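Engineer: Each residue of the sequence shown is one higher than the one before, counting from 97 in the working numbering.
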Amino acid sequence: METQIGIVGAGPAGLMLGLLLERHGIDSVILETRDRQYVEQRVRAGVLEQNTVDLMHELEVGDRLEREGLEHHGINLRHLGETHYVPMTELTGRSITVYGQQEVVKDLVAARLKGRASLLFEVSDVALHDIDSGRPRISFVHDGSEHELACDFVAGCDGFHGICRSAISPEVLTELEYTYPFAWLGILAEAAPATEELIYAWHEHGFALYSMRSPQVSRLYLQVAADEDLAAWSEDRIWNELELRLGHVNTGPIFEKGITPMRSFVVSPLQHGRLFLCGDAAHIVPPTGAKGLNLAVNDARLLAAALHDRFESGDEARLEAYSRTALRRVWRAQDFSNYMTQLLHNLGGGAFEHGLQVSRLEYIARSESAARSLAENYVGLPAASDF
Ligand code: APR
Ligand code: PHB
97 METQIGIVGA GPAGLMLGLL LERHGIDSVI LETRDRQYVE QRVRAGVLEQ
147 NTVDLMHELE VGDRLEREGL EHHGINLRHL GETHYVPMTE LTGRSITVYG
197 QQEVVKDLVA ARLKGRASLL FEVSDVALHD IDSGRPRISF VHDGSEHELA
247 CDFVAGCDGF HGICRSAISP EVLTELEYTY PFAWLGILAE AAPATEELIY
297 AWHEHGFALY SMRSPQVSRL YLQVAADEDL AAWSEDRIWN ELELRLGHVN
347 TGPIFEKGIT PMRSFVVSPL QHGRLFLCGD AAHIVPPTGA KGLNLAVNDA
397 RLLAAALHDR FESGDEARLE AYSRTALRRV WRAQDFSNYM TQLLHNLGGG
447 AFEHGLQVSR LEYIARSESA ARSLAENYVG LPAASDF
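(1) In terms of residues, what are the limits of the alpha helix (DSSP H) holding Asp431?
(2) Less than 7 Å separating the Cβ of Asp129 from some heavy atom of ligand 1?
(3) Between which two residues does the alpha helix (DSSP H) carrying His168 extend?
(4) Skipping 5 residues on each side, what residues in its chain have a beta carbon closer than 6 Å to that of Ser235?
(5) So if DSSP puts Trp280 in a beta bridge, which residue, or which two residues, is it bridged to?
(6) Taking the runs of the beta strand (DSSP E) that are 3 residues or longer, which of them lie wholly in the stretch 370–403?
(7) Just mark Val268 as buried or exposed, buried being the case when its beta carbon has 16 or more other beta carbons within 10 Å.
(8) What residues does ligand 2 have around it, judged by CB closer than 5 Å to any heavy atom, in chain order?
(9) Is any non-hydrogen atom of ligand 1 found closer than 7 Å to the C-beta of Val219, if you look at the structure I gave you?
(10) If you run the structure through DSSP and keep just helix, strand and coil, what is Met152?
(11) Taking the beta strand (DSSP E) that Phe483 falls in, what are its first and last residues?
(12) Could you check if His389 belongs to the surroundings of ligand 1, using beta carbon to heavy atom distance under 7 Å?
(13) 8 Å is my cut-off, CB to CB: does Ala223 come that close to chain B?
(14) Assuming the contact rule is C-beta atoms closer than 8 Å, Leu161 and Met308 should be a hit. Round their C-beta distance to whole Å, please.
(15) Going by DSSP, what residues sit across from Ala297 in a beta bridge?
(16) Could you round the C-beta distance between Asn147 and Asn390 to whole angstroms and report it? I think they count as a contact, below 8 Å.
(17) Smallest Cα separation from Asp411: which of Ser419, Ala401 and Gln430?
(18) Where does Leu216 fall in DSSP's three states?
(19) Which value, in whole angstroms, describes the spacing of the CA atoms of Gly343 and Val426?
(20) Applying the criterion that 16 or more other CB atoms from any shown protein chain within 10 Å of the CB defines a buried residue, is Leu117 buried or exposed?
(21) DSSP has Leu144 in a bridge; who is on the other side?
(22) Leaving out five residues on either side along the sequence, give the residues of the same chain with a beta carbon under 6 Å from the beta carbon of Thr188.
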C-alpha cells in the first residue's frame, strides 16, 4: 500500500487533516485503532471557536452544525452568589458555538466515507519506520493480516496515549508537563439548561461549570480531588453540590458521568524527519479555556496548508515552520487555559490566593480592557493572525 500522507488517528485532528488534504487533491490513508461507533460516541468537550465553525463551513461539513449548534455571545463569571456577564461578541465581534466533539467527529467521518479516500477502523500493532528517511512506512494489522503503508509524510494525530510521539528520539524531544492537584467530574443530564450562557463559577468548595449540549441536555462539571472516586458521587450528591456552587440548576436523569484529569502538556518540536504531530499527541490543555479541540483543528489547518505548498510547488518553507507556527498558538492557549484555571479553582492557597482571585474577577468586571483580553482569547484569535 502507498499514499502521500499516512495519518495515524481518527480524532478531530486526523479527520480534519484528511478532509483538508482531500480538498487540496492530496491522497491520504487514516488508521484508527478503535471502531467507528466508539469514536463517534466518545463524550468530550464541546466549545467550537469561530475559526473552527468557519472551517467546517468552508469544507462543506457545517450543515448539521448550523442547525443543531448553539451559538453563544458571552459567558457568565460567578463568585459568591454574584454573576458578571462578559459580552464576548460585543467586545470582539466574534462568537463561539456549543456542539459536542463527537458530533464534529460524526460529521467528519461521514464526509470522509462519502469520498474515495480510505479510513480504516480497528487496526492494531501500529508502528512507524524510517521517519528520518525520504520514504517513511507505517506497519499495522487489519482484518487479521499484516500491512505496510509507504508514505511521503506521516501525521501523528493519535492523541495523548498514541504511539507517534515516542517515535521521536528523546534526545530531540522536550516534554513539559504540569498536572493540577484536582480533576473535573462531568455529567450529561436530560434537563433543560437553566441558563442561556455558560456559567463559570468560583466557590469555596471548588469550581463549577454550567454548560449544555441542546435545549434538552445539560452538561455540568464540578472540581473534585485528583484521586476522586466516582462511586462516592450519587445523583443527589452531584445535584446538591452543583446547586450550591452554581445557584439554581434544572435537574433530570444523568446519562453519562466521568472524571477528567487536569493537565498541561507540550512537546517540542512537533516535527522529526517526515513525522509531524498534531493535536493531543503533542499538547494537552486543562479544559477550563475550552481550547483542546480548537488547537487540534488549528494544527490540522496549518499542516494541510504546508503540505499543499510542498506538493503544489516543492516549497517547504511552511512545512519547516510548522512546529514553530503551531506552537505559538499552543502556548497562547496554554497560558489562557492556565489563567482561567487559576482564576476560578480552589488551588488550596487559602485567603491570599482568594484575594488575588477576587481582584482579578473585579478587574474583568470593571475594566473593558481586561474583559476584552479574556474575550479575545476565549473566542479564539483569528486563524490568519500571527498566533
Ligand atoms: N494507532 C491509530 N490510532 C490511534 C492510536 C494508534 N496507535 N492510538 C490512538 N489512536 C486514536 C485514538 O483512538 C483516537 O481516536 O487516535 C485518535 C486521537 O483522537 P483524540 O484523542 O480525539 O485527539 P485529537 O484528534 O488530537 O483531538 C483532540 O480531543 O481530548 C480531546 O480535548 C481534546 O478536544 C481535544 C481533542
Ligand atoms: C463543555 O461544554 O463540555 C465545556 C464547556 C466549556 C469548557 C469546557 C467544557 O470550558
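Cβ coordinates follow ideal geometry from the N, Cα and C atoms, glycine included.
This one's a predicted model, so the numbers in the text were calculated from it and none came from an experiment.
Structural biologist: Answer, in terms of the structure:
(1) Looking up residue 431 in the sequence shown gives position 335. Counting along the chain, the alpha helix (DSSP H) containing Asp431 begins and ends at Ala413 to Leu440.
(2) Within the sequence shown, numbered from 1, the residue matching residue 129 stands at position 33. The question names Asp, but residue 129 is Thr in the sequence shown. Yes, the Cβ of Thr129 comes within 7 Å of a heavy atom of ligand 1.
(3) In the sequence shown, the residue the question calls residue 168 occupies position 72. No alpha helix (DSSP H) contains His168, which is instead part of the beta strand (DSSP E) from Leu166 to His168.
(4) On the sequence shown, residue 235 is found 139 positions in, with the first residue counted as 1. So the list reads Ala223 and Glu244, once near-sequence residues are dropped.
(5) Within the sequence shown, numbered from 1, the residue matching residue 280 stands at position 184. Answer by DSSP bridge pairing, in chain order: Gln319 and Thr356.
(6) 371–373
(7) If you number the sequence shown from 1, residue 268 lands on position 172. With fewer than 16 other Cβ atoms within 10 Å, it is exposed.
(8) Ala141, Gly142, Val143, Ser307, Arg315, Pro383 and Ala386
(9) Taking the sequence shown and counting its residues from 1, one reaches residue 219 at position 123. Yes, ligand 1 has a heavy atom inside 7 Å of this Cβ.
(10) Taking the first residue of the sequence shown as 1, we reach residue 152 at position 56. Helix.
(11) Working through the sequence shown from its first residue, we reach residue 483 at position 387. No beta strand (DSSP E) contains Phe483, which DSSP labels as neither H nor E.
(12) Taking the first residue of the sequence shown as 1, we reach residue 389 at position 293. Inspection of the sequence shows that residue 389 is occupied by Leu rather than by His. At least one heavy atom of ligand 1 is nearer than 7 Å to the Cβ of Leu389, so yes.
(13) Among the chains in the structure shown there is no chain B, since it carries only a single protein chain.
(14) In the sequence shown, the residue the question calls residue 161 occupies position 65. In the sequence shown, the residue the question calls residue 308 occupies position 212. Wrong, their Cβ atoms sit about 15 Å apart, outside the cutoff.
(15) Residue mapping note: residue 297 aligns to position 201 of the sequence shown, counting from 1. Looking at the DSSP assignment, Ala297 forms a beta bridge with Arg174 and Ala304.
(16) In the sequence shown, residue 147 corresponds to position 51, counting from 1. In the sequence shown, residue 390 corresponds to position 294, counting from 1. The Cβ separation is near 7 Å, so the contact holds.
(17) The residue you call residue 411 lines up with position 315 of the sequence shown. Closest by alpha carbon: Ala401.
(18) The residue given as residue 216 occupies position 120 in the sequence shown. Reduced to three states, the DSSP call for Leu216 is strand.
(19) Numbered from its first residue, the sequence shown carries residue 343 at position 247. Numbered from its first residue, the sequence shown carries residue 426 at position 330. Rounded to whole angstroms, Gly343 to Val426 spans 34 Å at the Cα level.
(20) Start at 1 with the first residue of the sequence shown, and residue 117 comes out as number 21. Under this definition Leu117 is a buried residue.
(21) Position 48 of the sequence shown holds residue 144. In the DSSP assignment, Leu144 is bridged to Thr193.
(22) Here residue 188 corresponds to residue number 92 of the sequence shown, with the count starting at 1. Result list for Thr188: Ala471, Glu472 and Val475, in chain order.
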